[in-house]
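Worksheet: one structure, shown below.
Residue numbers (the working numbering): 94 to 190.
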């Protein structure tokens, strides 16, 4: 049985530093980032706001999308965030409810 996957973008503020990641357990992974245990980059730049999420049927599809998005221009990433989350809300709070 194949597991699904998630692409997510963390930010430190609106139009700030962006981090793109992929995971099979979104809630757990974002909680790690927010606690400072998610990785050196997100800790260093304080990327604790979850501003974009995309769900995929397989982890392989999610990984392919992550690789593609990492090659994008910054402006494209910001445009995608603004289309799906115009007010740049922290979506982690919605995950918990």
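Backbone N, C-alpha and C define an ideal beta-carbon position, used for all residues, glycine too.
Since we're looking at a predicted model, the values are computed, not measured.
Option nearest residue i by Cα separation, candidates the options
{"i": "residue 144", "options": "137, 164, 187, 133", "result": "187"}
{"i": "residue 115", "options": "172, 154, 176", "result": "154"}
{"i": "residue 177", "options": "138, 97, 101", "result": "101"}
{"i": "residue 99", "options": "179, 141, 171, 157", "result": "157"}
{"i": "residue 136", "options": "103, 162, 161", "result": "103"}
Residue i, buried or exposed, once every other Cβ within 10 Å from all chains shown has been counted against 16
{"i": "residue 189", "result": "exposed"}
{"i": "residue 159", "result": "buried"}
{"i": "residue 129", "result": "exposed"}
{"i": "residue 133", "result": "exposed"}
{"i": "residue 107", "result": "exposed"}
{"i": "residue 96", "result": "exposed"}
Residue i at chain B interface by Cβ criterion, 7 angstroms
{"i": "residue 126", "result": "No chain B is part of this structure, which consists of one protein chain only."}
Enclosing alpha helix (DSSP H) for residue i [first to last residue]
{"i": "residue 169", "result": "167-177"}
{"i": "residue 123", "result": "119-128"}
Touching by the beta-carbon criterion (3+ pairs, under 8 angstroms), the stretch 120-128 and the stretch 148-155: no
Complete beta strand (DSSP E) runs within the stretch 131-157 (minimum length 3 residues, chain order): 142-149
contact_flag[the stretch 159-175, the stretch 97-114] where n(CB pairs < 8 angstroms) is 3 or more: Look at the beta carbons and you see the stretch 159-175 touching the stretch 97-114: at least three pairs across the two are nearer than 8 angstroms.
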